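Asks:
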Amino acid sequence: SLQPFLEACSNTLFFRTCSVLLRTPKLDLQILEKLSIILQKLSKIKSNKKLFELFTIHLMLQEIQRTTHPEHAFLCINLNSTLFNLGLTKCNSLVSNTSH
């Protein structure tokens with residue numbers, strides 16, 4: 143079970159470390175993908191929402207999502223899922239622009 147690991151990561155030290163790591167310029171894609179898996183799992187734990195917000199990780203994830211190339215589908219899916227779990231998914235992003 144992943145639960146003991148996730149509970150061990152549900153603290154300010156881990157989230158602060160993630161925050162520093164996510165601010166690293168040109169962070170290696172594989173590291174970012176692995177970190178996104180852990181953050182996605184942690185985002186399912188309701189009490190962690192305040193930790194995401196405290197260290198502005200939700201804002202960094204939104205920025206990474208905005209700038210990630212669509213070919214990095216795995217990362218995009220994890221970011222979308224994490225932001226969804228945090229209640230931060232933009233519904234209008236699913237609506238195609240047909241006004242032209």
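One gets my numbering by counting positions in the sequence shown from 1 and adding 142 to each.
Every residue gets a Cβ at the ideal spot worked out from N, C-alpha and C, and that includes glycine.
In this text the structure is predicted, and so the values were computed from the model without any measurement.
#1: So is Leu-184 buried or exposed if we call it buried at 16+ other beta carbons inside 10 Å?
#2: The alpha helix (DSSP H) spanning Thr-159 covers which residue range?
#3: Do Ser-152 and Ile-187 have their beta-carbon atoms positioned less than 8 angstroms apart in this structure?
#4: From this set, Leu-230, Phe-226 and Ile-206, which residue's C-alpha is nearest Glu-175's C-alpha?
#5: Considering just the uninterrupted stretch of the alpha helix (DSSP H) at Glu-213, what are its terminal residues?
#6: In chain order, what are the residue ranges of uninterrupted beta strand (DSSP E) at least 3 long that sit wholly in the region 175-226?
#7: Which term fits Leu-144, buried or exposed, when burial requires 16 or more other beta carbons within 10 angstroms of its beta carbon?
Replies: In this structure, then:
#1: buried
#2: 154-164
#3: yes
#4: Ile-206
#5: Counting along the chain, Glu-213 falls outside any alpha helix (DSSP H), and DSSP gives it neither H nor E.
#6: none
#7: exposed
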